[in-house]
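Q:
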Amino acid sequence: MPGPAEPSTPLRELGELPGKITATFQSLQAASTVSFGCSEKDAVYSEDKLTLYHYRPIAPSANLPPVLIVYALVNRPYMMDLQPDRSLIRRLLELGLDLYLIDWGYPDGGDRFTDLNDYINGYLHRCLGVVLREHRLESTTVLGVCQGGTFSLCYAALHPERVRNLITMVTPVDFQTSDNLLSKWVQSIDVDALVAAHGIVPGEVLNAAYVSLMPFRLLQQKYVNLLDGGSDQAQIDNFMRMEKWIFDSPGQAGAAFAQFARWFFQENRLLKGTLEIGGRRVDLQRLTQPLLNIYAKQDHLVPPAASTALERLVGSRDYLALGLDVGHIGMYVSGRSQRELPQAIAYWLQRR
Amino acid sequence: MTSESNATGDWSVALQKAQADMLRQWTEMSQAWAATGPAGGGASAAADSGSVPDGPESLGRAFLQQCERYLGVSGSLWELMNRSAAMSDPEQRARQFTDGLAGLQQQFASLWTAPPPGAPPAMAFGMPGMGGMSGMGGIPGLGGLPGIGMMPGMGGLPGMGGAFNLPALGPTREQQESLQRLLQLGARCTQAQLQLSGQWNDIIGRALRELGERLAPRLKSGAPPASMKEIYDLWVEAAEGVYAQAARGAAFVQAQAELTNALSQLRTAQRELVEEWNKQFDLPTRAELNSIHQQLRELKAALAGTRG
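Chains as they are written, first to last, in the numbering used here: chain A, 178 to 529; chain B, 5 to 312.
(1) My guess is that residue 101 of chain B and residue 220 of chain B are in contact by the Cβ rule of under 8 Å, so how many angstroms apart are they, rounded?
(2) What residues from chain B crowd round residue 367 of chain A, counting only those whose CB sits closer than 7 Å?
(3) Given that residue 187 of chain B touches chain A, what residues does it touch there, using C-beta distances under 7 Å?
(4) Note down, in chain order, each residue of its chain lying with its Cβ closer than 7 Å to the Cβ of residue 500 of chain A, except the 5 sequence neighbours on either side.
(5) Going by Cα to Cα distance, which pick from B/227, B/254 and B/308 is closest to residue 90 of chain B?
(6) Identify each residue in the segment 193-211 of chain B for which the Cβ-Cβ distance to at least one residue of chain A is less than 8 Å, and report them in chain order.
(7) Compare the C-beta of residue 217 of chain B against all C-beta atoms of chain A and say whether one is closer than 9 Å.
(8) How should residue 370 of chain A be labelled, buried or exposed, when 16 other C-beta atoms within 10 angstroms of its C-beta is the threshold for buried?
(9) Quick check on residue 282 of chain A - is its C-beta less than 9 Å from some C-beta in chain B?
(10) Look at residue 198 of chain A and residue 29 of chain B and say whether their C-beta atoms are less than 9 Å apart.
(11) Could you tell me the distance, in whole angstroms, from the CA atom of residue 303 of chain B to the CA atom of residue 383 of chain A?
(12) Is any beta-carbon of chain A found at less than 9 Å from that of residue 307 of chain B?
(13) If we count Cβ pairs, one from each stretch, closer than 8 Å, do we get three or more for the segment 261-275 of chain B versus the segment 187-194 of chain B?
(14) Tell me whether the segment 221-241 of chain A and the segment 78-93 of chain B touch, counting them as touching only if at least three CB pairs, one residue from each stretch, are closer than 8 Å.
(15) What residue from B/200, B/196, B/260 and B/15 has the CA that sits closest to residue 386 of chain A's CA?
(16) In chain order, which alpha helix (DSSP H) runs of at least 4 residues are fully inside the segment 206-232 of chain B?
(17) I'd like to know whether the C-beta of residue 306 of chain A is nearer than 9 Å to at least one C-beta of chain B.
(18) Can you find a C-beta in chain B that's less than 9 Å from the C-beta of residue 375 of chain A?
(19) So, for residue 457 of chain A: in the same chain, excluding its five sequence neighbours on each side, which residues have a beta-carbon less than 7 Å away from its beta-carbon?
(20) Determine the DSSP secondary structure at residue 156 of chain B, reduced to helix, strand or coil.
(21) Leaving out five residues on either side along the sequence, give the residues of the same chain with a beta carbon under 8 Å from the beta carbon of residue 297 of chain B.
(22) For residue 446 of chain A, which residues from the same chain have a beta carbon less than 7 Å from its beta carbon, with the 5 sequence-adjacent residues on both sides left out?
(23) Report the rounded CA-to-CA distance for residue 268 of chain A versus residue 519 of chain A, giving the unit in angstroms.
(24) Closest Cβ-Cβ distance between residue 289 of chain A and chain B: below 9 Å?
(25) Quick one: residues in its chain with C-beta nearer than 8 Å to the C-beta of residue 236 of chain B, no 5 flanking neighbours on either side, listed in chain order?
(26) Relative to the C-alpha of residue 316 of chain A, which residue among A/213, A/337 and A/196 is closest?
(27) Closer than 7 Å by beta-carbon distance: list the chain A residues that pair up with residue 244 of chain B, in chain order.
(28) Classify residue 279 of chain A as helix, strand or coil using the three-state DSSP reduction.
(29) Between the C-alpha atoms of residue 528 of chain A and residue 345 of chain A, what's the straight-line distance to the nearest angstrom?
(30) Across which residues does DSSP place residue 230 of chain A in a beta bridge pair?
(31) Kindly list, in the order they appear in chain A, the residues whose Cβ is closer than 8 Å to that of residue 231 of chain B.
(32) For residue 104 of chain B, which option in B/25, B/23 and B/215 has the closest C-alpha, if you only look at C-alpha atoms?
(33) State the DSSP-derived secondary structure class of residue 210 of chain A, mapped to helix, strand or coil.
(34) Please report how far the alpha carbon of residue 526 of chain A lies from the alpha carbon of residue 342 of chain A, in whole angstroms.
(35) Would you grab the beta carbon distance between residue 430 of chain A and residue 322 of chain A for me? Rounded to a whole angstrom, and I think it's under 8 Å.
(36) Applying the criterion that 16 or more other CB atoms from any shown protein chain within 10 Å of the CB defines a buried residue, is residue 150 of chain B buried or exposed?
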């Protein structure tokens, strides 16, 4: 007769549980001061909350135009340079690329009226100006990440003469694909009421939305899984760095947030060609420069179809879509991404 | 069957011991945190602001809460499976398990409905029915605002509850209207929370049924999961699958949006009342600051214009 599973197994699990909890907790405590960000960089420009960084070279130059990395507003950019063995930036530096990065900082109550025009035609424009002046160039490469990729698309469409090559990474373009759960939720949200209530929309609100996409996994199982590797300090350190990044979310300037939620998520203006920033229409057909669109095949935040929609909208004849079999966060830190992505970017740039 | 009964008895004893051990760990950690002095206080303050739970206190709490929930979920599932697996008839075994799962709905739902003690505010004020799972309705800080009756200058107003629908009259009619609006918004929030809780109860029930469907064949064939962790992982997989479907449904989307929108309006109404109080003491208000920020923006734009 088939009886219950080996009774000693759960009994052993129960018996071991307190010890595992203690060991894991001690490792978590030890990891609570882990550092993040590993590549040396210099602040070369700052304005309001924003800082433009220039990374110090660690390898002979590849003699390519500098790359301006435009990160998203909704998370901190150190995810791209988390630790030596999980750093897209470090891998690109090793290949001789000259990198700049915009760190948008943490908006406060004084930024509640900062809007998308300020971010795109203001801050981003001036940061690129600093890079171009420093290198005496008319145009250079822009690498936009996630929401920063959307900003980069808008910017390049408005100022195509200043963007020599455009690389977008896990970048949403079609905000209403059928598999986009976040978008479904946003459709019925009264964005104006939300912004009126907060001024600066707290990062916690956004985090809550993100973890609610897979609540059983992201709010419980991932912590329970720690019990199995609790004594591996390196693993716990990695976990804590990631945990720090996930919940280290800047508040969002209310005006920009409202515009982004309404124009992009609710009205899908970028896709429809009806988006205007600063009174000028964002016409993606004006993007005729070489364009590399990198997307994650397992992305639950920016589904592949949301990114690959770009191909049919741009005027560029030199368009390449590159899908990696990783998730949204895996694009920055997974082993596969670390191995494949930097080389792909450098190779693509060298041929342009 | 005797040995199986003994196994069940051993299991119950072990489960009780694990729960007692966890309580002891809670106590020991709490004492350790209390002894950390200013550093511990700093960590607590960070947690209260809803920021990253990186202090030892908030980290420990969050971690132990998850462990408790894990024990609650996997322990209950294992106990049920163990009881079912003890039956000799395969059909009866599977049926007992699936029937028993229905009895767990309330318990599992409550794991997600009640905020865990000491949960950071950002997580505690989430969508109803989610407990620690704070959703888009989870507007941090809202729950920390004083209750309507505790709003400055309002606690003493007579008949506030009954004033819900009365016409506002007399010298305090403006304040009465503000209060009525607050009460209406509070009621709307409660209603929205109930709606969303209903959605969550439904999700948990369907997830348990899904788990039963997945496990019944294994129970029939006498190859049940071998460990608590395995059955827990199967539960998570089933729950995420059901949730992924439900969260896309119109009813869930609407319930979640209604709660978020109601909470936003309630928060704004609360702030307006606080500002009225501020004005009485000639204290600055958010509205004043906003006006100044707007003027600064215009000045900066004008300055940039003159510079070309």
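C-beta: ideal position from N, C-alpha, C; glycine also.
A: Put simply:
(1) Position 97 of the second sequence, counted from the start, is the residue given in the question as residue 101 of chain B. Position 216 of the second sequence, counted from the start, is the residue given in the question as residue 220 of chain B. The pair is a contact, with the Cβ atoms about 7 Å apart (cut-off 8 Å).
(2) Here residue 367 of chain A is taken as the residue at index 190 of the first sequence, counted from 1. Chain B residues near residue 367 of chain A: 265 and 268.
(3) As a first step, residue 187 of chain B must be located in the second sequence, where it is residue number 183. Ordered by position in chain A, no residue passes the 7 Å Cβ test against residue 187 of chain B, which lies about 18 Å from the chain.
(4) Residue 500 of chain A sits at position 323 when you count from the first residue of the first sequence. Counting only Cβ-Cβ distances below 7 Å, and skipping sequence neighbours, we find 472, 474 and 481.
(5) Taking the first residue of the second sequence as 1, we reach residue 90 of chain B at position 86. Comparing Cα-Cα distances from residue 90 of chain B to each of B/227, B/254 and B/308, the minimum goes to B/227.
(6) none
(7) Residue 217 of chain B sits at position 213 when you count from the first residue of the second sequence. For residue 217 of chain B, the answer is no, since every Cβ of chain A falls outside 9 Å of its Cβ.
(8) One-based indexing of the first sequence puts residue 370 of chain A at position 193. It is buried - the Cβ of residue 370 of chain A has at least 16 other Cβ atoms within 10 Å.
(9) Reading the first sequence from its first residue, position 105 is the one you call residue 282 of chain A. For residue 282 of chain A, the answer is no, since every Cβ of chain B falls outside 9 Å of its Cβ.
(10) Here the question's residue 198 of chain A lines up with position 21 in the first sequence. Here the question's residue 29 of chain B lines up with position 25 in the second sequence. Cβ atoms of residue 198 of chain A and residue 29 of chain B: closer than 9 Å.
(11) Here the question's residue 303 of chain B lines up with position 299 in the second sequence. Here the question's residue 383 of chain A lines up with position 206 in the first sequence. Straight-line Cα distance between these residues: approximately 32 Å.
(12) The residue you call residue 307 of chain B lines up with position 303 of the second sequence. No, no contact with chain A.
(13) yes
(14) no
(15) Residue numbering aside, residue 386 of chain A sits at position 209 when the first sequence is read from its first letter. Nearest option by C-alpha distance: B/260.
(16) none
(17) Reading the first sequence from its first residue, position 129 is the one you call residue 306 of chain A. Not closer than 9 Å to any Cβ of chain B, the Cβ of residue 306 of chain A fails to qualify, so no.
(18) In the first sequence, the residue the question calls residue 375 of chain A occupies position 198. For residue 375 of chain A, the answer is yes, since a Cβ of chain B falls inside 9 Å of its Cβ.
(19) If you number the first sequence from 1, residue 457 of chain A lands on position 280. Cβ neighbours of residue 457 of chain A beyond the five flanking positions: 335.
(20) Here residue 156 of chain B refers to the residue found at position 152 of the second sequence. With a pLDDT of 40 at residue 156 of chain B, under the threshold of 50, the predicted position of this residue should be treated as unreliable, though the coordinate-derived value follows. Three-state DSSP puts residue 156 of chain B in coil, outside helix and strand.
(21) Within the second sequence, numbered from 1, the residue matching residue 297 of chain B stands at position 293. Same-chain partners within the cutoff: there are none.
(22) Within the first sequence, numbered from 1, the residue matching residue 446 of chain A stands at position 269. Counting only Cβ-Cβ distances below 7 Å, and skipping sequence neighbours, we find 440 and 452.
(23) On the first sequence, residue 268 of chain A is found 91 positions in, with the first residue counted as 1. On the first sequence, residue 519 of chain A is found 342 positions in, with the first residue counted as 1. If I take the Cα positions, the gap works out to 6 Å.
(24) To locate residue 289 of chain A, count along the first sequence from 1; it is residue 112. Chain B contact via Cβ: present.
(25) Start at 1 with the first residue of the second sequence, and residue 236 of chain B comes out as number 232. Excluding residues within five positions, the ones whose Cβ falls inside 8 Å are 74, 77, 78 and 81.
(26) Working through the first sequence from its first residue, we reach residue 316 of chain A at position 139. Answer by Cα proximity: A/337.
(27) In the second sequence, the residue the question calls residue 244 of chain B occupies position 240. Result: 391, 393 and 394.
(28) In the first sequence, the residue the question calls residue 279 of chain A occupies position 102. Three-state DSSP puts residue 279 of chain A in a strand.
(29) Taking the first residue of the first sequence as 1, we reach residue 528 of chain A at position 351. Taking the first residue of the first sequence as 1, we reach residue 345 of chain A at position 168. Taking the straight line from one Cα to the other gives about 17 Å.
(30) Against the first sequence, residue 230 of chain A aligns to sequence position 53. The partner list for residue 230 of chain A (beta bridge, DSSP) reads A/220 and A/278.
(31) Locating residue 231 of chain B in the second sequence gives position 227, counting from the first residue. Within chain A, the residues near residue 231 of chain B are 182, 186, 187 and 190.
(32) On the second sequence, position 100 is the one that residue 104 of chain B refers to. Of the listed residues, the one whose Cα sits closest to residue 104 of chain B is B/215.
(33) Walking along the first sequence from the start, residue 210 of chain A turns up at place 33. Coil at residue 210 of chain A, not helix or strand.
(34) Numbered from its first residue, the first sequence carries residue 526 of chain A at position 349. Numbered from its first residue, the first sequence carries residue 342 of chain A at position 165. In a straight line, the C-alpha of residue 526 of chain A is about 8 Å away from that of residue 342 of chain A.
(35) Reading the first sequence from its first residue, position 253 is the one you call residue 430 of chain A. Reading the first sequence from its first residue, position 145 is the one you call residue 322 of chain A. That belief does not hold up - the Cβ atoms of residue 430 of chain A and residue 322 of chain A are roughly 19 Å apart, past 8 Å.
(36) Locating residue 150 of chain B in the second sequence gives position 146, counting from the first residue. Confidence at residue 150 of chain B is low in this model, with a pLDDT of 35, below 50, so the placement of that residue is unreliable and no value is reported for it.
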